[in-house]
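The structure appears right after this line, and notes come after that.
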Amino acid sequence: MPRSTAASPNAPKAIGPYSQATWAGDLLYCSGQTPIDPAVGQLIDGDVEAQTHRCFDNLQAVVEAAGLTMDDVIKCNVYLTDMANFQAMNRAYGTRFSEPYPSRTTVAVAGLPLNAAVEIELIAKRS
Numbered sequence: 008m009p010r011s012t013a014a015s016p017n018a019p020k021a022i023g024p025y026s027q028a029t030w031a032g033d034l035l036y037c038s039g040q041t042p043i044d045p046a047v048g049q050l051i052d053g054d055v056e057a058q059t060h061r062c063f064d065n066l067q068a069v070v071e072a073a074g075l076t077m078d079d080v081i082k083c084n085v086y087l088t089d090m091a092n093f094q095a096m097n098r099a100y101g102t103r104f105s106e107p108y109p110s111r112t113t114v115a116v117a118g119l120p121l122n123a124a125v126e127i128e129l130i131a132k133r134s
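According to this note's numbering, the sequence shown holds residues 8 to 134 in order.
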């Protein structure tokens, strides 16, 4: 199956040899987004709640560039450098989806690129 990708100029450019998102049949696999402001290419200032919103802003830009909406998201993986930030992330996360919520995994990690506190990746499905 040939690889097909999706990208948005309104999300940060990849900082390595990977695509913002890749199609596999009707599934869109979005690479992890950190809280980088695409206009300046740097991490935003702010707490984990603000950083989570920026991650979702970036992901939404990619999802919409692929012709989908956040209602098409079926799975999210959240990476936190400190689980003490879980509630702040969860507050922001809760504003981005409504029931029925996508599946989610949240994992603590030792570090993230550019010293971000949170990174989020997701999978969306074309109807």
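For every residue, glycine included, the Cβ atom is placed at its ideal position computed from N, Cα and C.
Identified DSSP bridge partners for residue i
i, result
"C37", "A28 and L129"
"D44", "Q49"
"N84", "T112 and E128"
Supposed contact pair residue j and residue i - C-beta distance, whole angstroms, cut 8 Å
i, j, result
"T59", "A123", "Not quite, the Cβ-Cβ distance comes to about 11 Å (not below 8 Å), so this is no contact."
"G48", "E126", "No, G48 and E126 are not in contact; Cβ-Cβ is about 16 Å, not under 8 Å."
Limits of the alpha helix (DSSP H) - the one that residue i falls within
i, result
"Y100", "F93 to G101"
"L75", "Where L75 is concerned, there is no enclosing alpha helix (DSSP H), given that its DSSP letter is neither H nor E."
Distance, residue j Cα to residue i Cα
i, j, result
"S26", "L87", "22 Å"
"L50", "N65", "12 Å"
"M77", "V55", "21 Å"
"S134", "V116", "33 Å"
"C37", "T12", "10 Å"
"R111", "N84", "6 Å"
"A28", "A14", "6 Å"
"V69", "Y100", "17 Å"
"I43", "P16", "13 Å"
"A46", "E106", "32 Å"
"R10", "A57", "33 Å"
"A18", "F104", "20 Å"
"K82", "E71", "16 Å"
Per-residue burial, residue i [other beta carbons within 10 Å of its own, 16 or more giving buried]
i, result
"L75", "buried"
"P120", "exposed"
"Y108", "exposed"
"A21", "exposed"
"P24", "exposed"
"D52", "exposed"
"M90", "exposed"
Beta strand (DSSP E) segment containing residue i, residue limits
i, result
"R111", "S110 to A115"
"S11", "S11 to A13"
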